[in-house]
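Single-structure report; data block below.
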Amino acid sequence: MLVAGLAGLRRLSLQTGNDLASDMGFSLASNSRWAQAIDQAASVNNQGMVALLAGVGMQGGNWKKMTPRHLYHIVSALDRVGLKAEARMIAAEAVARA
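Number 1046 in the working numbering belongs to position 49 of the sequence shown; there are no gaps in the numbering.
Here is the structure:
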C-alpha cells in the first residue's frame, strides 16, 4: 500500500513505482473499466466524477479488501484533479489499516 500511495501522490516516479510494485508481486497498471473511467475523469479534471468513482472503488467491508492497484488509481486521480488533501488522507488510511 505504501508503494501504491506514494506512486499515486507522485512521490515516486512512475517507473520506480512500477518497478517496486513488480518486485512485490503486483502491478499498478489496470485495464478494468473502473480504472479507465477514473483515469478518464481525472484527465478531463472532473472532480465530482473522480470523487464518485473513488467511492465506488473503495467499496468493501474493511481496508483489507482495498488492493494496491485500486489505491493507486484512486489516489492518483484525486491528486490530479486538485483533491490533494483527500488523496493524502486516503493513502495514509490505507497504509495504516492494511
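For every residue, glycine included, the Cβ atom is placed at its ideal position computed from N, Cα and C.
With the cut-off set at 8 angstroms, would you say residue i and residue j are in Cβ contact?
| i | j | result |
| --- | --- | --- |
| V1047 | L1011 | no |
| I1035 | A1018 | no |
| A944 | L1006 | This structure cannot speak to residue 944, because the chain is shown only from 998 to 1095. |
| A1039 | R1008 | no |
| G1057 | H1070 | no |
| A1095 | M998 | yes |
| G1002 | V1072 | yes |
So what's residue i in DSSP terms, helix, strand or just coil?
| i | result |
| --- | --- |
| R1030 | helix |
| L1049 | helix |
| S1010 | coil |
By how many angstroms is the C-alpha of residue j removed from the C-alpha of residue i?
| i | j | result |
| --- | --- | --- |
| A1091 | K1061 | 9 angstroms |
| G1079 | N1043 | 10 angstroms |
Less than 6 angstroms between C-beta atoms, sequence neighbours within five positions excluded: which residues of the same chain meet that for residue i?
| i | result |
| --- | --- |
| S1027 | R1066 |
Evaluate the contact criterion for the region 1062–1072 versus the region 1015–1028: three or more CB pairs, one atom per stretch, below 8 angstroms.
yes
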